[in-house]
Structures are given as structure tokens and as C-alpha cells.
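Visitor:
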Amino acid sequence: MSATFVGMPAFPAAAREALSDTQLRRNLAHATGTIRAKRAAVVGEVDEWEELRLAGAAIKDNTLRHLDEHLLRLEESLTDRGATVHWARDAAEACEIVASIAKQHAVDEVVKVKSMATQEIGLNEALAAQGITAWETDLAELIVQLGDDLPSHILVPAIHRNRAEIREIFRDKMAAAGRPAPDDLSDRPAELAGAARLHLREKFLRARMAVSGANFAVAETGTLVVVESEGNGRMCLTLPEVVVSVVGIEKIVPTWSDLDVFLQLLPRSSTGERMNPYTSTWSGATEGQEAHVVLLDNGRTRALADEVGRQALRCIRCSACLNVCPVYERTGGHAYGSVYPGPIGAILNPLLRGTGVDDQVDSLPYASSLCGACFEACPVRIDIPEVLVHLRSKVVDAHRSAPKAEAVAMKSASWVLADSKRLGLAERGLGLAGRLLGRFGRKVMPGGRRALGRLPWPGSLWSNARDVPAPPVESFRAWWRREGRR
Amino acid sequence: MSAREEILGRVRSALAATDPSEAPVPRGYRSVVPAGDVVELFAERLVDYRAELTRCTADTLPAALADALGTAESVLVPDGFPWEVPGGVPDTGQSAAELDRLDAVVTLAALAIATTGTIVLDHGRGQGRRVVSLVPDRHVCVLRTDQIVPGVPQAVAALSPDRPQTWISGPSATSDIELNRVEGVHGPRTLHVLLVSS
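Pasting the structure below:
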């Protein structure tokens, strides 16, 4: 695994590789199972949970419907309170703004609090290209950065690593990045966290510039909100002289009082806690610090223009949908080829980047069984299955000029299904095939049916990523004729 | 065209065909209050976060404060903190590196939230700058029982965005290693709340 998502294979190929990694599957099953149970317990404590979800969805929808007005209001309130506001159309522009602020202050290193927006724009790599080192300070991000690895979960980016792997990464890599790991470091979580504390504290104490994201930006008051657990966020936001916050334009909530919804929905949905250990809020420049806010588009206006997909911009990055997803639990996050994995990534990436441009992105709306668990878990009620189906149709439309094998198969299937005689003939043929294949199928699936091996082309396009069950020996209609009349 | 104009233009054209009417936001959650005594609920939830809790009265507070500071020899005391503190060092704007050499800090709080076991600092008098409750390894916070509000909506309503805020729920913690909760990463490893009956 190299430290970039660029050039990742499409989901079916990446998933096949991930599925064969038993260590990964064990780590993921343990982690997602643990967090599901915690979340269910703390959500169950809140009788008004469904109303909070409805309120969260309504506030976000209302904001998106008047996003231009809220953006202007946010800009004005931030400026009034001494912050400098920048606008960035895309990733390159945002990275350039951050780099130029660093250069104005003659800074060659920055500390970072975990931020999905800065990962999305590849800020660390862009700063490195200009001779500026960005240190990730969230424990999981540190594990990913030292391991020259990629994040695999929105909330716990190193969820795919277990304690033994983390110990090895710290022992091998910490010394080259600053304070080395203690010689006698064990794999106890408390000792590993202690090593990270010592390693990072020297960076916090000398840092002159920090980069953050924001969980929420309040238009009315210019307040930014950062929700975290470890205190690394507080370190980044309070120690350096300059704080630069990269904020996606969908992070806006209209008023301060609207936060009463989201500060209930987010912690319980994400870490399964009643409240995260630390939340910081600040409005503009405080305590003599220089504050910069970069308002980032990078595809968000493209998503906004999609009337069905727009609801994905409600997302508060809690990651509840990842933890309940049967596909994510088995493949892990890397297979999605993006900093946004799981069900939300399967819709957010095509919405931000467009369909019909990149095969990897186009594969994501299919990385789902449409079971609907993600919608149930989503604290802002994003109907992810609805958007997945909508995006599948957009992917098909984008490829219309060269019909895919799947489209050909669907067309012939519709010809067969349209006429009961044709269907009867087809069923008889399938029954014969089923008797043969049921005997010789390659492996037995749950329930006792045999599965076929890889089909010849073009069927291989389907069977490469799926088990194909042997056809039943008797169709339902045949069974009904035989049994139903009794 | 500037980035600002272009982004605003893209937003407007994305919304051109959209019905601008706003959906009603249900706000019934704001009147929901937990059953039972909010002080007891706060105490239970705070301890659940592995914070330490001492109940006291105005009379027993000085002794409780000395106990909570334990072996700490140097304790940062913010302006306006109303009690004598053994080993107290006044806040003279020490740098983070200087704060790192202190053993503990004492603060007041703006309010506390029962359902979540959270204390909120808005860094007014007696609460100190944002860094002072972060860098020293032990944080002792003095809170009156009448400062406890039932839930998050009541806290947000009572607080002003004009002041920076730090919401604290238990000691610094991480769950990044196999989702095991470990206390103490970058913030104080001990949070001790002295709850003064009023």
C-alpha cells in the first residue's frame, strides 16, 4: 500500500484483494462490532433521537437551499471578528493558499488536527512539495502517516491495524520523525498512547502554525467548531500563532443555537459516546492568534446541483454508516480508493468528482448491497440507498455509447421475461443446467446450494467479484404447477 | 473572475431550479429534560467518563482542594480564582513550555451538562486561558451544583459564541487502538471535579 489513492483499482478488484486478507477482516470485524454496540447503547438513551435526526436534516437542507446567502453571512461575521477569509475553487487552489500563508510566516512545518477536507485535497503532499512538513497529531493519523499508509475509516483511520502492528510502526518509524519510541515499548494501548504523547508534545510546543478543519461553521457568528477526543485539536488550536482552517462550504449551520442538534447527534453517532472529550469553539481571531479560514468548493457545488444527490452534503462525517455496512465490514476502507470510504464514500466521491470520468469512481455506486442499514444509522437521514440507485443510473447513462455486457444481458433478460412461453423454455433450460452444475459446482454456499466458478467472458465481468449460485433445478412456476393445485 | 465570485455563481446556478421555501425544523427536543435529579445524573455521568469527583460544601472546599491537588507542588491559578491554593502560581501569561513544567491547574467553569457529564469553560474570570486547562497533567475544576443544566440544548442557549469555549467530558482519551478507550493522550490525564453544594 503506497500513501496515495491515485491509481487505485476499481472497487471489485480492490475488494477481492482485501477479502483475502484475514488479519484485516479480523481487525475490522472486531472494531465495527464494538462501535456498533456502543452507538446503539447511547442512542437508545435518547427518547427524542428521531426528532433530532429530523431537525438535523431540516437545518442542513434549509442551509443548502440558500447556501450563497449563508456563505456571504459567514464571510462577513468572520471578517468582522478579525479572521481572514479565502475562497478555493479546487484542491490545488486551497493547497496554494495554505502554503502561501506558511511562507508569509517563514514556517517550514505545521501541526495538523485530523481533517477530512485537508485529506481530500492532499494538503500534506502539496505542502511537502513546497518544502513544508505537515505533522498529523491525531493518534490514528500518526499511525497512518508513520506507516506510510492510507486512512481506511473516517473516524478511526487506522482501524485496520491492531496493537502489534502499531507497536512495530512506532518502533521502526518514530525516530526518523522526531522523538523515538521508548526502547521497552509494549503493545498495551496505554503505552502506545503514552509514546505518541511524548513524541508529539515536542512538536506542539515548538509549532508556530496549525492547520485544522471544522466540524461546523456558524454563519451568524463566524464560530468554528472542532470536535475531538485526544486534546491534539486543542493543542493545535491554542498553541501556535497562526491557525488556518480549511472548511468545506457545506459545513455551515445558520445560527449558534442550531448547534444544540448537532452536538447531540455527532458524538453519539460517531464514537458512541454521550459527548466527545473535547469540543472547541471560537469566533474569528482569539487571544491574539492570527486566524485564516479557507472556504472550499472542490466539487461541492457539483454535488449541490444534483437534486437527488444534494442530500449527501448534509453529511457530518460521523462514520456511523461505515460501521453498520456489511460491505465495508468485509472489505475495509482502502477498497473504496478515497479518503471517504464506506456507504457515504460510495455516493460522495461520484457526486464531488462527477460520473463517467473515472472507472474507479464509477465503480463505487455498485459497492453496496442496498440493504439500507446506512440510512437507518445516519444521524441526518441521508437516504444513501436512494442516491446509490440514482448514481448507478447516471453511471449507465455516461457509458451509453459503448454498452456494457451487463446492459446487454439486461436487455436479453427483459426479452425473455416479457413472454411467459419464452420464460418457461428458459426455466426448463436452467433446471437442466442446475442439475448438472449443482453436482459439479465449485463450492457450497450457505444454504447448501453450489456456486459456480468464474464464468467465461463476458460473464466474467460479473463473476469476478461475485459467487454465482447454480440455477435452481426447478423453477417456482414449475413447482406451483406441481404442488399448488393440491 | 475571482474564486469567490465563481463559487457563489456555481452555488446560484446549482440552486436555480430549487424551491427556496424552507422546511420546518422540529424543536420539541429543546423542552425534553431528563427524569430525576440533574445533580445526581451529572455526578453519575462524570464518573462514567473516569473523571474524579468530590462532593463538598463551601466550608469543606479548601480541604477538598488540597486533597485533589495531592502531591502537586506547582499549581497554575488563573486570575479571579477565588480560593487560596497550596503551591499556587499566578497566571502571568506563561508560555506552553513553561506550563508544561507545572504539575496541575485549578479553574472554575461556566456551566456543566448533566446528561453528558460535560463541563464547559468559556474562559471568563477564574477559568483561565484555553491553554492552561490543557497543558498541565492534572486539572482540578470547581463547580457549583447550581451551574448544572439538564442537557445540551440548555447549555447552548446559556452560552455566548462571543467567547471561545472548551467543552470537556472526562480526561483526554483515545479509542484509536482497537477501539479500546485509553485515558490521557495530549490533554490532562486526570480531571478532578469538586462539586460544591449551593
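Residue numbers (the working numbering), protein chains in the order written: chain A, 4 to 489; chain B, -19 to 178.
Where a beta carbon is used, it is the ideal one built from N, C-alpha and C, also for glycine.
Check this for me: beta carbons of T95 (chain B) and R237 (chain A), under 8 Å apart or not?
Guide: No, the Cβ-Cβ distance between T95 (chain B) and R237 (chain A) is not below 8 Å.
Visitor: Grab the span of the alpha helix (DSSP H) containing A43 (chain B) for me, first residue to last.
Guide: Segment 41 to 49, the alpha helix (DSSP H) holding A43 (chain B).
Visitor: Return the first residue and the last residue of the beta strand (DSSP E) that L171 (chain B) is part of.
Guide: That run of the beta strand (DSSP E) goes 170 to 176.
Visitor: Please name the residue in B:D80, B:I99, B:R169, B:A(-4) whose C-alpha comes closest to that of S149 (chain B).
Guide: Nearest C-alpha to S149 (chain B): B:I99.
Visitor: Strictly under 8 Å for the Cβ-Cβ distance: is H172 (chain B) near chain A by that measure?
Guide: For H172 (chain B), the answer is no, since every Cβ of chain A falls outside 8 Å of its Cβ.
Visitor: Since K115 (chain A) is in the beta strand (DSSP E), which residue starts that stretch and which ends it?
Guide: Here the beta strand (DSSP E) through K115 (chain A) covers 112 to 115.
Visitor: List the residues of chain B whose Cβ lies closer than 9 Å to the Cβ of N69 (chain A), in chain order.
Guide: First, the amino acid is wrong: residue 69 (chain A) is His here, not Asn. Here the neighbours are L(-5), P0, E2.
Visitor: Any C-beta of chain B sitting closer than 8 Å to the C-beta of Y521 (chain A)?
Guide: For chain A, the structure presents residues 4 to 489; residue 521 (chain A) sits outside this window and is missing.
Visitor: Would you say V228 (chain A) and N218 (chain A) are within 8 Å of each other, going by their C-beta atoms?
Guide: A contact, by the Cβ cut-off of 8 Å.
Visitor: Rounded to a whole number of angstroms, what is the C-alpha to C-alpha distance between I(-13) (chain B) and A97 (chain A)?
Guide: Between I(-13) (chain B) and A97 (chain A), the C-alpha separation is close to 13 Å.
Visitor: Within the same chain, show all residues whose beta-carbon is closer than 6 Å to that of T87 (chain A), passing over the 5 residues directly before and after it, in chain order.
Guide: Taken in chain order, the residues that qualify are H295.
Visitor: Under 8 Å between C-beta atoms, does H295 (chain A) make it to chain B?
Guide: Cβ-Cβ to chain B under 8 Å: no for H295 (chain A).
Visitor: Would the region 177 to 195 of chain A count as touching the region 210 to 225 of chain A if we require 3 or more Cβ pairs under 8 Å?
Guide: No, because fewer than three Cβ pairs between the region 177 to 195 of chain A and the region 210 to 225 of chain A fall closer than 8 Å, the two stretches do not touch.
Visitor: Tell me which same chain residues have a C-beta within less than 6 Å of the C-beta of V181 (chain B), skipping the five on either side of it?
Guide: As shown, chain B starts at -19 and ends at 178. That puts residue 181 (chain B) outside it, with no answer to give.
Visitor: Quick one: which chain A residues come within Cβ less than 7 Å of L123 (chain B)?
Guide: Residues of chain A passing the Cβ test: none, with the nearest at roughly 16 Å.
Visitor: Per DSSP, which one or two residues make a beta bridge with S283 (chain A)?
Guide: Its beta-bridge partners are A:V229, B:T146.
Visitor: The ligand GDP and H393 (chain A): does the residue's C-beta get closer than 7 Å to at least one heavy atom of that ligand?
Guide: Judged by which ligands are present, the structure shown has none, so any question about the ligand GDP falls away.
Visitor: Spatial neighbours of P116 (chain B) within its chain, please: C-beta separation below 7 Å, excluding the five flanking residues on both sides.
Guide: Excluding residues within five positions, the ones whose Cβ falls inside 7 Å are L56, L79, L82, D83, A84, V85, P168.
Visitor: How many whole angstroms separate the CB atoms of I385 (chain A) and Q314 (chain A), which I take to be in contact at a CB cut-off of 8 Å?
Guide: 5 Å between Cβ atoms; contact.
Visitor: How big is the Cα-Cα spacing for E48 (chain A) and P14 (chain B)?
Guide: Looking at the two C-alpha atoms, the distance is approximately 10 Å.
Visitor: Let's see if you can read the secondary structure: which residues bound the beta strand (DSSP E) around A84 (chain B)?
Guide: Element bounds for A84 (chain B): 84 to 88.
Visitor: Would you mind listing the beta strand (DSSP E) stretches within the region 111 to 199 of chain A that are 3+ residues and don't spill past its ends, in chain order?
Guide: If we require 3 residues or more, the beta strand (DSSP E) runs fully inside the region 111 to 199 of chain A come out as 112 to 115, 136 to 139.
Visitor: State the DSSP-derived secondary structure class of S5 (chain A), mapped to helix, strand or coil.
Guide: For S5 (chain A), the predicted structure reports a pLDDT of 49, less than 50, and the residue's modelled location is therefore unreliable. The matter cannot be settled from this model.
Visitor: What residues of chain B sit near M177 (chain A), judged by a beta carbon separation below 9 Å?
Guide: What M177 (chain A) touches in chain B: nothing, since even the nearest Cβ is about 15 Å away.
Visitor: Output needed in chain order: residues of the region 85 to 103 of chain B with a Cβ under 8 Å from some Cβ in chain A.
Guide: Going along the region 85 to 103 of chain B in chain order, one finds I93, T95, T96, G97, T98 with a Cβ nearer than 8 Å to chain A.
Visitor: Just the chain B side, please: which residues come within less than 7 Å of A199 (chain A) by C-beta, in chain order?
Guide: Going along chain B in sequence order, the residues near A199 (chain A) (Cβ under 7 Å) are V165.
Visitor: In chain order, what are the residue ranges of uninterrupted alpha helix (DSSP H) at least 4 long that sit wholly in the region 401 to 442 of chain A?
Guide: Segments of the alpha helix (DSSP H) lying fully in the region 401 to 442 of chain A: 408 to 420.
Visitor: Could you compute how far the alpha carbon of S5 (chain A) sits from the alpha carbon of D151 (chain A)?
Guide: Because the pLDDT of S5 (chain A) is 49, which lies under 50, any placement of that residue in the model is unreliable, and the question is left without a value.
Visitor: Rounded C-beta distance between T34 (chain B) and A48 (chain B)? I'm assuming under 8 Å.
Guide: Contact flag correct, Cβ pair sits at about 6 Å.
Visitor: Which partner residues does T34 (chain B) have in the DSSP bridge list?
Guide: B:L174.
Visitor: Quick check on this structure: which residue in A:G451, A:Q148, A:P475 has the alpha carbon closest to the alpha carbon of G432 (chain A)?
Guide: Among A:G451, A:Q148, A:P475, the Cα nearest to that of G432 (chain A) is on A:P475.
Visitor: Count the other CB atoms within 10 Å of the CB of S283 (chain A); is the residue buried (16 or more) or exposed (fewer)?
Guide: Its Cβ being crowded by 16 or more others within 10 Å, S283 (chain A) is buried.
Visitor: Is there a C-beta anywhere in chain B that falls below 8 Å from the one on L57 (chain A)?
Guide: Answer yes: the Cβ-Cβ gap between L57 (chain A) and chain B drops below 8 Å somewhere.
Visitor: Can you tell me where the alpha helix (DSSP H) with H73 (chain A) in it begins and where it stops?
Guide: Run containing H73 (chain A): 70 to 83, per the alpha helix (DSSP H) assignment.
Visitor: Return the residue from the list B:F22, B:S54, B:A(-17), B:V12 that minimises the CA-CA distance to H119 (chain B).
Guide: Comparing Cα-Cα distances from H119 (chain B) to each of B:F22, B:S54, B:A(-17), B:V12, the minimum goes to B:S54.
Visitor: Between which residues of its own chain and A380 (chain A) is the CB-CB distance below 6 Å, once the five residues before and five after are set aside?
Guide: Hits under 6 Å: A323, C324, V327.
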